[in-house]
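Data first, discussion second: the structure below is written as C-alpha cells.
2 protein chains.
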Amino acid sequence: MATQTKISRRMSQSAVVQAIATYGPISRASVSKLTGLSKQTISEIVGNLESDGWVRTVGQTEGHVGRRAVVYEIAPDAATVASVDLGGTKIRVALCDLTGRVLAERVEPTEQSGGRQLVDQVARMVRATADDPQCPSGELKIAVVGVPGVPDSRTGAVLMAPNIAGLDQIDLAGTLNERLGIDILVENDVNLAALGEHWMDHRSDQDDLVFVSVGTGIGAGIVVGGILLRGASGAAGEIGFLPFGADPIAKESHKIGALERVTATDAIIGEYRMLTGKTCSVPAIFEAANNGDKAAEQTLDNVACQIARASASIVAVLDPSLIVMGGSIGARDELMHRIRRFAAQCYPREIEIQPSKLGPHAALAGGVSIALSHLHISLFAEGQKGAEINVPPPALDTFKASMS
Amino acid sequence: MATQTKISRRMSQSAVVQAIATYGPISRASVSKLTGLSKQTISEIVGNLESDGWVRTVGQTEGHVGRRAVVYEIAPDAATVASVDLGGTKIRVALCDLTGRVLAERVEPTEQSGGRQLVDQVARMVRATADDPQCPSGELKIAVVGVPGVPDSRTGAVLMAPNIAGLDQIDLAGTLNERLGIDILVENDVNLAALGEHWMDHRSDQDDLVFVSVGTGIGAGIVVGGILLRGASGAAGEIGFLPFGADPIAKESHKIGALERVTATDAIIGEYRMLTGKTCSVPAIFEAANNGDKAAEQTLDNVACQIARASASIVAVLDPSLIVMGGSIGARDELMHRIRRFAAQCYPREIEIQPSKLGPHAALAGGVSIALSHLHISLFAEGQKGAEINVPPPALDTFKASMS
DNA sequence: ATTTATTCGTTCTGTTACCGAACTAAATAT
DNA sequence: ATATTTAGTTCGGTAACAGAACGAATAAAT
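Encoded structure:
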C-alpha cells in the first residue's frame, strides 16, 4: 500500500476491491469485465493486493468451457474492527473480521463511577477481546463506540447522556485513540442502530430508513442517501419534540418533549396508573393487555396512537422507504400491530413499519458497518472522493448467532 | 472536449474549472496552488479549455512583486441554459449564461387547453427566448422545467397537477427534448424553489434548508447534503399531511391533508367566514388584520400556529439550518412574525425562519442552479463521481433586477 | 543605471497507470 | 487431432503528471 498513489490507481483499486468484496470468490477475468478495466491492469492490482495480504486465492472456477480461472476473495483475517455498545447497564464489544464476521464478543456491567474509569474499562475490554488467544485474528485497525448521548465533534465529549456518568468532560475518542493506538469513531447509539438495520437489510443508498427507538425515551436515527442525517445542531431525529401528544407549549414539554411525555416508559406507567390507581412495570402492563385488561389495552392504544402520528410526521417530511421500530418498548408485537392500525388511520398511504431485525444488537451492527466502511475507504480508496466502497454485510442469522 | 478522457484528466479538469468558476479572474499559477496540480498541467488544461472556448483571458494581475500573470475567467457566452416556471396562470422562461447571469426573460399566460398545446407553448417560448436577436448568446445546452405537480421519472408524465391540464399522459421531458434537441430536466416547482434559495444564499452542502410554500396548498422542498430529498415515493415534503391541524382521521384529511385543510387559501377564507359570516379574499383578510380587525387577527393567529407546529415538526425530524417561507401567503410579513412567535412557544430551541429572498423567482433560480450544475458536470467532469462542480450563483440583486 | 529578488510560464525528461494486440496456457467441443 | 473458448502474460505505446531547470517579465534594492 503506497503512501499516496495517483487518483487513477485509487479509483481502479477501489473498483477492484468492491468487485471482489461484492462478488467474491471471483476470477480476475470476471473482475475485468465488471470494472471495465483491462485484464493486465486487473492482474497488476490483484497481484499487489495479494502480496499485501488483502485478498487470497480460494480455488478455481469450474463447469465452463475454456481455461480454469483462479478465484479470489477478500482475506477475512487481514484486519479486524471493533464495535462497542456503551450502555447504562452493560458494555458490549464485538470484534469482527474484514468481511464482518463476528470473531469474538464480550459483555460486562458498566462501571458506574463513570469518567476515566469507564473509558479505561472500554479500552481494556476492546484490547482483551482483540488479544483473546482463543481467537487468533488480524490486526485491530479501528473501533466504533456507540453512546446513549450526543457526541460533540469539537471537544470529543459525550453530552446529554443521563445514563452514563462523567463523559461530558472527556475526549472519549481521543483518549481511546491514545490507549489503543487505533482510529476511534464515536456515534450516538440510535444512529448506529439505524445504520445497522440499513446495512444488514442490504438496503441501497436510495432506500432511506428511519429507526425509531422507544424505551426510557423516544428518538430516531435517520439514514438518507446511505449516510446518517445529523442536522445542523445534531438534533435530527429528536422526535420526542414533535408538537403533539402532550401540550407542546407546556414548560415540561420544553424539557422532555411533548411526544416523549406520552410515549416512553414513564408515560406508559403513568397512563396505566391514572386509569387503575395501580403502579406496574411496563412488562406487567404489556402482560395485562395480553390478558384482556381493558385499562392496559387502553394504555397501549394511547401510546401506539401517538407513535403512529410520529410515524406519519416522519413520512410527511421524509418519505423514507421503511420505518424500523426498536428499543425495549418499540419493537414489541403488541405495540407494533396497534401502531400500524393507527398509522393507517392518520396517513392516506401505507407506511412500511417493521420491527427491528437485529434487536439489541442493532447498534453493534451499525458500528461494524461504519468501521468496515471507514477502513476500506482508508486502505483502498485513500480517502478519494468518488471511490467509496460499499462493504456487503454478513448473513443476518450468522451475525445474530454469534452474539450472546 | 474529448469523447472520453481518462479519470485523472476528468478529476483535474473539474478541479481547474471549479477554481476558475469560484475565484476567477485568476492566474494559472494561483490555480496551480489552489488545486495542488503542477504549473505545467494547469497550462495544458487551461490551454485546452481556452481553445475550446470555455474560459477566456481578461487581463493581467497587478499590484505585486514579480512577473505579471495572465488571468482567466469562465467565458459567460460559451453556452446558455434555460429555466422554465410552468404555473397555472403564467409561464416564465429565463435564459442565463454560463455564469448564471440572466440574459433574457419571457412571460406568457398559460395555454389553458393544456396537453400538447401547452408543451408546444413551452417549446416555442424557450426557442424564442434563446433565439432573440436582441440578445446574442451562446448555444442553448439544457433546460429545466419546474411544474406544480409530481414528475413521474418512469413515464415522464406530470402527476397531481390540478392547476395545469393534460400533462399526466405526456412525456414532458422527452417531448421537449425532441422539439428543442437539448437536454431537459423536469422537477417540482417547490423543490426548485428550495434549491434556488439554497444556491443564491451561498449555502454549503452541510447547510440543510427547507422551503415551505403556503398558497393554494402547503408543501415543502428539502435540500439535504446539497441535493434534493425526494423520498421513496416522491412524497418527501408533503407536509400538508402532517397529522395535526384538522383531524387526521377524517376522510377529508386523507384527500387533502390535515394540515393543509387549516393553512392554505381556502382555509383562511373559511376560517374568517366562520368568525364573521363574511366571505373575503386572502389579501383582504390580511388587510383587515393590519387594520385591527379582531376576527382577521384571530384567523392569522390560528393559521400561523399550525404552520409553527409544522416548522417544529420539520426541525424535530430534520434539524435543518434554515426554514425559508415562501408562496403567496407564506412569506407575508404579518404571518411570518406570528409563525416565529408560535414556533418559539412549541419548540424548546430557536428555529431559524426567514422569508424567501427570491420571492416568485425562487423556482426559476433553482432551475438555473441545476441546469448549470448538470451542464458543468456533463462538460467538464463527464459524469465522473467525485468530480462534481459547485457553480457559484450570480449576485442576488442582479438576478432579481433582471426579472420583470 | 544596474543588480538582485520575485513570480510567471515553458521546456525537458522521467515515472506511473493503463490498454490494444499478440501470444501462451488450459480446458471443452467437434 | 483440430478448432474453439476462456484465462493470463508479455510487449510496446500513449496519456497524464510532476521535478528540475531555465527563460521571461516585473518590482525592489543598490
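So the sequences go chain by chain: A and B.
When we follow our numbering, the leftmost residue of the first sequence carries the number -10, and every step to the right adds one.
When we follow our numbering, the leftmost residue of the second sequence carries the number -10, and every step to the right adds one.
We put the beta carbon where it would ideally sit given N, CA and C, even for glycine.
These figures come from a predicted structure and were not determined experimentally.
Closer than 7 Å at the beta carbon, the chain B residues around residue i
i	result
Ile(-4)/A	Ile(-4), Ser(-3) and Met0
Ser310/A	Ala221
His243/A	Pro337
Arg250/A	Per Cβ cutoff of 7 Å: no residues; Arg250/A is ~13 Å from chain B at best.
Three-way DSSP call (helix, strand, coil) for residue i in this model
i	result
Ser1/A	helix
Ala150/A	coil
Cys124/A	coil
Thr(-8)/B	Low per-residue confidence applies at Thr(-8)/B: pLDDT is 47, beneath 50, and the placement is therefore not dependable, though the value from the model is reported in the following sentence. Coil at Thr(-8)/B, not helix or strand.
Pro349/A	helix
Arg321/A	coil
Ile159/B	coil
Pro382/A	coil
Met314/B	strand
Phe200/B	strand
Ile171/B	coil
Ser21/A	helix
Leu218/B	coil
Ser302/A	helix
Ile342/A	strand
Gln49/B	strand
Gly42/B	coil
Glu371/B	coil
Gln176/A	Sequence check: residue 176/A is Glu here, not Gln. DSSP places Glu176/A in strand when its eight states are reduced to three.
Ile238/A	coil
Val357/A	helix
Val54/A	coil
Gly229/A	helix
Beta carbon of residue i nearer than 8 Å to that of residue j
i	j	result
Arg95/B	Met114/B	yes
Ser302/A	Ser358/B	no
Val139/A	Gly319/A	no
Thr252/A	Ile211/A	no
Gln123/B	Phe369/B	no
Pro381/A	Asp197/A	no
Cys335/B	Ile238/A	yes
Gly42/B	Ala64/B	yes
Phe230/B	Pro337/A	yes
Ala182/B	Ala351/B	yes
Ile228/A	Ala305/B	yes
Val203/A	Leu218/B	no
Gly185/B	Ala354/B	yes
Asp386/A	Arg327/A	no
Neighbouring residues, chain B, relative to residue i (Cβ below 9 Å)
i	result
Glu227/A	Val304, Ala305, Val306 and Asp308
Asp197/A	Leu218, Gly220, Ala221 and Ala225
Within chain A, partners of residue i - CB distance below 8 Å
i	result
Gln334/B	Pro237 and Ile238
Gln373/B	Gly375
7 Å Cβ cut-off: residues of chain A touching residue i
i	result
Gly214/B	Gly214
Leu231/B	Ser302 and Ala305
Chain B contact residues for residue i, given Cβ-Cβ distances below 8 Å
i	result
Arg298/A	Pro232, Phe233 and Pro237
Item to check | Cβ pair count under 8 Å reaching 3, the stretch 131 to 140 of chain A against the stretch 170 to 180 of chain A | outcome: yes
Next on the checklist: When you compare the stretch 273 to 281 of chain B with the stretch 162 to 171 of chain B, are there three or more beta-carbon pairs, one atom per stretch, that lie closer than 8 Å?
Outcome noted: Output reads no: the stretch 162 to 171 of chain B does not touch the stretch 273 to 281 of chain B.
Checklist entry - Of all the alpha helix (DSSP H) runs that stay within the bounds of the stretch 259 to 295 of chain A, which reach a length of 4 or more residues? => result For the stretch 259 to 295 of chain A, whole alpha helix (DSSP H) runs of length 4 or above, ordered along the chain, are 271 to 279.
Checklist entry - Any contact of the stretch 142 to 150 of chain A with the stretch 301 to 313 of chain A, i.e. 3+ C-beta pairs under 8 Å? => result no
Checklist entry - Taking contact to mean at least 3 C-beta pairs separated by less than 8 Å, is the stretch 101 to 109 of chain A in contact with the stretch 54 to 62 of chain A? => result Output reads no: the stretch 54 to 62 of chain A does not touch the stretch 101 to 109 of chain A.
Next on the checklist: Counting beta carbon pairs with one atom in the stretch 255 to 269 of chain B and one in the stretch 345 to 355 of chain A, are three or more of them shorter than 8 Å?
Outcome noted: no
Item to check | Ranges of the alpha helix (DSSP H) found wholly within the stretch 57 to 141 of chain B, counting only runs of at least 4 | outcome: 104 to 119
Checklist entry - Between the stretch 15 to 31 of chain A and the stretch 67 to 81 of chain A, do three or more beta carbon pairs fall short of 8 Å? => result no
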